[in-house]
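Chains A and B, in that order, are what the protein sequence lines are. In this text, residue positions in the first sequence follow our numbering: the first is 1, and each later residue adds one. In this text, residue positions in the second sequence follow our numbering: the first is 218, and each later residue adds one. Cβ coordinates follow ideal geometry from the N, Cα and C atoms, glycine included.
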Amino acid sequence: MTHISDFDAPKKPWLRLMVPILIVLGFAVLFVIMDQNGKAPGREDQGPTGKSPMGAKLQEGQTYYLFASEIELYPTNLKNDAWDGGKNGPDIRYRILWQGNQVFESEEKEDSLIADWSGLSLDLEWTDLMGKSISPDEAIKAARIRYEKGGLVEVEVEDDDVADDDEAGRAEIQLKDLRLGRNEIPFEKTSVNAVRRINLRVLPHGSAIRDLVDLMK
Amino acid sequence: MSRIHLLILLSSALLGVGLVAPTLTIRPQAGEFSWLVEILAPEELVPSTYSIVGVIRELYLIGDVFLAGVLGLFSIVFPVFKLCLYWLGTDRSGSLISSGSLYEWTTRASKFSMAEVFVLALVILSVKALPGGSSATMEWGAYVFVGSALGAMLIPTLARKNEP
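Laid out in structure tokens, this is it:
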């Protein structure tokens, strides 16, 4: 141990005290600047981790979920009259037919020219929270179809009325034209079609939930 | 400049980086319903990476001023104060200056040499115990911070060795 002398005694102790503080601050600021400029070591970009197969072609023999995420109708029906007698918008519902069979029917969306469906629905009761196991299959409300060469699906859209349902349009869609993810299909107004466009979503059956989430965005 | 002073400067530099570098990544999960939350509110399950300063800031913003204060005190104020004390309390040869109160303070500070690491470990342990399968992993910033604390721990020992 040394004894302090006039020579060793700090001349300006507060100035000396600042040295470690300045070093700490200096390196902290330097790191922050480097991190912001060059995305240097540090912040992870925590986006979706899965490799999104968005836009990929359908694979033969594979099963897929298929649902319409959005359907838009023309302002008038097939007879060029107002929907629902002009008071309200149409109550839109659609069906998917595959190989001549109805494989899915959507819920009805009231009074809208643009209806959307999330493709998800859960009927949960409080008791379910105590340990019921729910799989993605149970929650995804969509048709299940298999892609085969030359395969097609039919989408029937109707205005659901109390008295009589009015057909809004019927589209035959070749499966080879569909891609994974969102497919927007526009239609002309004709005497047999009042559907302006259908957004179809195709999701691979049995995929990791993360990939399904990416495709639903 | 003595080896002790170099060690103090190195510890200060490591502390500066350790405070702002990524230290903790929390990956939230909601147990059995994780996949559902992932669909309905994916933002709730996005992993977050925090630095020590970031953790203190988050704690302060959510109103936990006490915990923010404790963490700030033990991970920023105390280590910086300790390094300043060592810088001031060593002479040119790297020996401890035996000027009454300064020597006492330096000795006292050295007794709490790993307090900051202990507090950091407590935070990580408490987060690791989160329900629903949430997990917390240490990032490289934590090791830099521990490196700074270890360096600071060595300073009084080496300084005493330098004493004639």
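Local Cβ density within 10 Å of residue i, reported as buried at 16 or more and exposed below that
{"i": "T63(A)", "result": "exposed"}
{"i": "L236(B)", "result": "buried"}
{"i": "F104(A)", "result": "buried"}
{"i": "V32(A)", "result": "buried"}
{"i": "S292(B)", "result": "buried"}
{"i": "R201(A)", "result": "buried"}
{"i": "H3(A)", "result": "With a pLDDT of only 47 at H3(A), under the threshold of 50, the placement of this residue in the model should not be trusted; the figure read from the coordinates follows. Classification of H3(A): exposed, given that the 10 Å Cβ count is below 16."}
{"i": "K79(A)", "result": "exposed"}
{"i": "R377(B)", "result": "exposed"}
{"i": "A366(B)", "result": "buried"}
{"i": "K57(A)", "result": "exposed"}
{"i": "V282(B)", "result": "exposed"}
{"i": "R93(A)", "result": "buried"}
{"i": "L288(B)", "result": "buried"}
{"i": "K87(A)", "result": "exposed"}
{"i": "T190(A)", "result": "exposed"}
{"i": "L276(B)", "result": "buried"}
Min CB distance residue i to chain B below 8 Å
{"i": "I145(A)", "result": "no"}
{"i": "G100(A)", "result": "no"}
{"i": "I21(A)", "result": "yes"}
{"i": "A28(A)", "result": "yes"}
{"i": "V103(A)", "result": "no"}
{"i": "L25(A)", "result": "yes"}
{"i": "V202(A)", "result": "no"}
{"i": "L15(A)", "result": "no"}
{"i": "F67(A)", "result": "no"}
{"i": "V157(A)", "result": "no"}
{"i": "F31(A)", "result": "yes"}
Any C-beta of chain A under 8 Å from that of residue i
{"i": "V234(B)", "result": "yes"}
{"i": "L367(B)", "result": "no"}
{"i": "S292(B)", "result": "no"}
{"i": "A359(B)", "result": "no"}
{"i": "L305(B)", "result": "yes"}
{"i": "I372(B)", "result": "no"}
{"i": "A353(B)", "result": "no"}
{"i": "A285(B)", "result": "no"}
{"i": "V272(B)", "result": "no"}
{"i": "V297(B)", "result": "yes"}
{"i": "E225(B)", "result": "For clarity, residue 225(B) is Ile in the given sequence; the question names Glu instead. It does; some Cβ of chain A falls within 8 Å."}
{"i": "S229(B)", "result": "yes"}
{"i": "V237(B)", "result": "yes"}
{"i": "L300(B)", "result": "yes"}
Residues that DSSP places opposite residue i in a beta bridge
{"i": "Y65(A)", "result": "R144(A), L203(A)"}
{"i": "W357(B)", "result": "BP columns for W357(B) are empty, so no partner."}
{"i": "D166(A)", "result": "D159(A)"}
{"i": "D116(A)", "result": "E70(A)"}
{"i": "G181(A)", "result": "V202(A)"}
{"i": "Y267(B)", "result": "L241(B)"}
{"i": "Q102(A)", "result": "L97(A)"}
{"i": "E172(A)", "result": "E154(A)"}
{"i": "S352(B)", "result": "R244(B)"}
{"i": "P186(A)", "result": "R197(A)"}
{"i": "P374(B)", "result": "For the record, residue 374(B) in the displayed sequence is Thr; it is not Pro. Per DSSP, none; premise fails for T374(B)."}
{"i": "K57(A)", "result": "R179(A)"}
{"i": "K109(A)", "result": "I92(A)"}
{"i": "A82(A)", "result": "T76(A)"}
Contact belief for residue i with residue j at Cβ below 8 Å, rounded distance in angstroms
{"i": "S268(B)", "j": "T240(B)", "result": "5 Å"}
{"i": "G358(B)", "j": "L231(B)", "result": "Actually they are not in contact, since the Cβ atoms of G358(B) and L231(B) sit about 10 Å apart, beyond 8 Å."}
{"i": "D166(A)", "j": "N77(A)", "result": "6 Å"}
{"i": "G233(B)", "j": "I23(A)", "result": "6 Å"}
{"i": "D159(A)", "j": "D91(A)", "result": "6 Å"}
{"i": "I225(B)", "j": "P20(A)", "result": "6 Å"}
{"i": "A285(B)", "j": "V361(B)", "result": "So it is not a contact: roughly 21 Å between Cβ atoms."}
{"i": "R144(A)", "j": "Y65(A)", "result": "6 Å"}
The ligand SAM heavy atom lying under 7 Å from the CB of residue i
{"i": "R170(A)", "result": "Because no ligand of any kind appears in the structure shown, any question about the ligand SAM cannot be addressed here."}
Closer than 8 Å to chain E by CB, residue i
{"i": "F295(B)", "result": "No chain E is present in this structure, whose protein chains are A and B."}
Worksheet item: Taking three-plus beta-carbon pairs below 8 Å as touching, is the stretch 67 to 75 of chain A in contact with the stretch 144 to 151 of chain A?
Response: no
Worksheet item: Is the stretch 107 to 115 of chain A touching the stretch 168 to 180 of chain A, taking contact as three or more C-beta pairs under 8 Å?
Response: no
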